[in-house]
Every structure is written in structure tokens, then in C-alpha cells.
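Quick notes on the structure that follows.
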Ligand SMILES: [Zn+2]
Ligand SMILES: [Zn+2]
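Residue numbers (full-length UniProt numbering): 1 to 355.
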């Protein structure tokens, strides 16, 4: 492929710039992908959009194409590719690792320890907010025909991250669940908890627009306005016991404390929402009630493949959580809306995904 394409960069002053880039050429083991759907993540807003705050793995290199949740179709393969071919539909696991450190060998390229070779798409190498993108073949997950490109973009980061957290706490059908923070990640948690059989799903959220979206989606049994009564409210909804499993997607210190205190004895809590802090009293809040708190960051690539298979089996579509779609020309509006928080998931779409 010859020619130029449009791509979006984030200068770090709450704006987006569209620039011309040459269409990249795939080198050895690399694949050129026609982008079809590219969703915006909370971390793009938190670490890049307003200000370039991230360090290390979250350090955005100025001038690179943004976007780490892309999904598209293979248009060209470089020499030495072993599996994927032109026409294949693919999800991009959003961090390219060295492939040979212990973390990469576990499939957790997110934690790759190589300073030289660990490069995340949309952070340290060009990402998905462009008409085409280059990816390494080893970072791709096949997207089956049953799922849309926007389903795939949702899996690339958010749904993969949530699925990993739910696996860590062993979510199962006998659980009552509390989800704190109902942005795109919290909504993804509810969709997966429901598919995995949880019969009582309670959510808490501070922003009214997000409460409305959560209620409309029909994924929750109860949606509570975030506040100081949440622990009592959750206990009232669970026969005075509290939930078996709590998932914090808010990163808010009050909501995290709610997640800990609203879990019952032997309960498991997972922190997925990034940033912020939390204060709790270890003895009454976790030790005496035998509770466990997990931290969970992204997922590994085989579990992402497993999630894709299960989404088909469960017949659910992550794209249902996308409330707004924009063409690349309106990428500025897309980021501004995501930054306002008055939305579900926001996607920049191309071709047939732009509906
Ligand atoms: Zn993300
Ligand atoms: Zn590595």
C-alpha cells in the first residue's frame, strides 16, 4: 500500500489533532490492518488527553497516533508471518512485548520487563486512531464472524481487563455482586457477570447520566446513587450479609471502601479502576472477616482468545455498551465527550462500523 492516511494525536491540552501520516509498510512479522473500530479508554483521558501525566508503560510519546483499543481487517502481511492472512478480522492485544521475558511467556505483555521492546499501541508506538495501523502478528487475536469489529475493540482492553478480574475472584452463578463505578468498565463488568450467571448485580455510580445509561441497559438488578449509605443499602439488598464479590471500577476512595465493607465474610474484592487512593482499617474491614482484595491489570493474550470464544457462546455483544460512534473527522468531539463522562463507551469508527 502506498499513500497517506489521517491519524489522531493527543497534544495533552484537552485537544486532538488530525495529521497526515504515510501508510506504514509491514516489516518482518508485521501486519498492516485497516482500522474498523477504535474505542476510547478512561486511561487515554486520565494519562494523555488533558495532560501527559503517564510514566513508564503509561508514558505517551508525543506525536504518535493515539488509541489502544483497535480492531480491524488484515490488508497486507510482511515477510515471515505464520498465521494471519489478508482478509482476516483481528483484535489487537494492545501492548507489544519482547516475547521472551517471564511476563511475556505468561502472555501478560502488559507487564513485559524489557525497556527496549515493550511498546504499547497508542502510547509508545502508533495506535488505532488512524485509517491504517501496523501491528506485530504475535499481538493479534482472531475475531470470529459472529462478533463485530466494535465488539472486538471492546475486547482489546476493557472487556479483557474485566474478564481477568472476574477470573481472579472466581465469579460464579451463586454470587451476589457489587460493581462500584459504572463507566464503560463497570458496565462491561455487569454484562460479563450476568453472562457468567450472577443473579444479583448491584451497581453504584455518582454521575446521573451514567446511572440513567446503566438502568436503560437492563444489566443491573439495582443501581444506587453513590453515597455514604451504600454499604447499608447493599446489605439490605442481600439479607444483611453483603455481597460475595465486589468489583471496583471507579478508582474513587469512598467507592473502594464501599466495595470492601459491602463484601460479606470470606468475600473477594477486586480493584480494576486505576489511580487514586483508599484508606481502610485492616482489622475490622478485612482481617476479622477473612476478606481478600485483588489487584488486576489488563489480561493475558490467551485469556483474551478465551473471552472471544465465550462471548460467542453466551451470545452477547460488547458493542451494546457503545453509546456514541464518530467518524475520524470528528475525533475531537469523541474525546471531549469521553472526558465529560456523560456517555457509555465512545468509539471512532470506519466503513461498515459507522452506523
Ligand atoms: Zn484501555
Ligand atoms: Zn517481555
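Note that CB positions come from ideal geometry on N, CA and C, so glycine has one too. Since we're looking at a predicted model, the values are computed, not measured.
Q. What's the gap between the Cα of residue 236 and the Cα of residue 61?
A. The sequence position of residue 236 within the chain shown is 236, counting from 1. The sequence position of residue 61 within the chain shown is 61, counting from 1. One C-alpha to the other measures close to 48 Å.
Q) Whose C-alpha, out of 170, 213 and 208, is nearest the C-alpha of residue 196? A) For the purposes of this step, residue 196 is taken as the residue at position 196 of the chain shown. In terms of Cα proximity to residue 196, the closest of 170, 213 and 208 is 170.
Q | Endpoints, beta strand (DSSP E) assigned at residue 212 | A | Position 212 of the chain shown, counting from 1, holds the residue named residue 212. Run containing residue 212: none in the beta strand (DSSP E); it sits in the alpha helix (DSSP H), 208-217.
**Q.** Start-to-end residues for the beta strand (DSSP E) that takes in residue 200
**A.** Within the chain shown, numbered from 1, the residue matching residue 200 stands at position 200. Start and end: 200-205.
Q. Does DSSP classify residue 241 as helix, strand or coil?
A. Taking the first residue of the chain shown as position 1, residue 241 is located at position 241. Three-state DSSP puts residue 241 in coil, outside helix and strand.
Q) Short check: CB of residue 281 to CB of residue 157, under 7 Å? A) Residue 281 sits at position 281 when you count from the first residue of the chain shown. Residue 157 sits at position 157 when you count from the first residue of the chain shown. Cβ atoms of residue 281 and residue 157: not closer than 7 Å.
(Q) For a test of your reading of the model: does the CB of residue 97 fall under 6 Å from any non-hydrogen atom of ligand 2? Yes or no. (A) Translated into positions along the chain shown, residue 97 becomes position 97. The answer is yes for residue 97.
Q) When the Cα atoms are used, what is the spatial distance from residue 230 to residue 180? A) Within the chain shown, the letter at position 230 stands for residue 230. Within the chain shown, the letter at position 180 stands for residue 180. When rounded, the distance between both Cα atoms is 10 Å.
Q.
In this structure, how does DSSP classify residue 323 when only helix, strand and coil are distinguished?
A. Against the chain shown, residue 323 aligns to sequence position 323. Residue state, collapsed to three classes: strand.
Q: List the endpoints of the continuous alpha helix (DSSP H) containing residue 339.
A: Sequence index remark: in the chain shown, residue 339 carries index 339 (1-based). It spans 331-340 - the alpha helix (DSSP H) in which residue 339 sits, taken as one unbroken run.
Q.
Please identify the residue among 140, 261, 305 and 342 whose C-alpha is closest to the C-alpha of residue 323.
A. Stepping through the chain shown from its first residue, residue 323 is reached at position 323. Measuring from the Cα of residue 323, the nearest candidate turns out to be 342.
(Q) Which residue marks the beginning of the alpha helix (DSSP H) containing residue 109, and which one marks its end? (A) One-based indexing of the chain shown puts residue 109 at position 109. Segment: none, residue 109 is in no alpha helix (DSSP H) and carries neither H nor E.
Q | DSSP-derived helix/strand/coil call for residue 21 | A | One-based indexing of the chain shown puts residue 21 at position 21. In the structure shown, residue 21 sits in a strand (DSSP, three-state: E or B).
Q: List the endpoints of the continuous beta strand (DSSP E) containing residue 294.
A: Locating residue 294 in the chain shown gives position 294, where the first residue counts as 1. It spans 292-295 - the beta strand (DSSP E) in which residue 294 sits, taken as one unbroken run.
Q: Output the distance between the C-alpha atoms of residue 47 and residue 317, rounded to the nearest integer angstrom.
A: Within the chain shown, numbered from 1, the residue matching residue 47 stands at position 47. Within the chain shown, numbered from 1, the residue matching residue 317 stands at position 317. Their Cα atoms are separated by approximately 28 Å.
Q: Could you tell me the distance, in whole angstroms, from the CA atom of residue 184 to the CA atom of residue 335?
A: Here residue 184 refers to the residue found at position 184 when the chain shown is read from its first residue. Here residue 335 refers to the residue found at position 335 when the chain shown is read from its first residue. Rounded to the nearest angstrom, the two C-alpha atoms are 14 Å apart.
Q) What first and last residue would you give for the alpha helix (DSSP H) that runs through residue 258? A) As a position in the chain shown, residue 258 is number 258, starting the count at 1. Element bounds for residue 258: 253-261.
Q: Give me whichever residues DSSP pairs with residue 7 in a beta bridge.
A: The residue given as residue 7 occupies position 7 in the chain shown. In DSSP, residue 7 forms a bridge with 19 and 130.
Q: Please find out if some non-hydrogen atom of ligand 2 comes closer than 6 Å to the beta-carbon of residue 193.
A: To locate residue 193, count along the chain shown from 1; it is residue 193. No, since every heavy atom of ligand 2 falls outside the 6 Å radius drawn around the Cβ of residue 193.
Q. Comparing the CB of residue 37 with every heavy atom of ligand 2, is any distance shorter than 6 Å?
A. Your numbering for residue 37 matches position 37 in the chain shown. Because no heavy atom of ligand 2 lies under 6 Å away, the Cβ of residue 37 does not count as near it: no.
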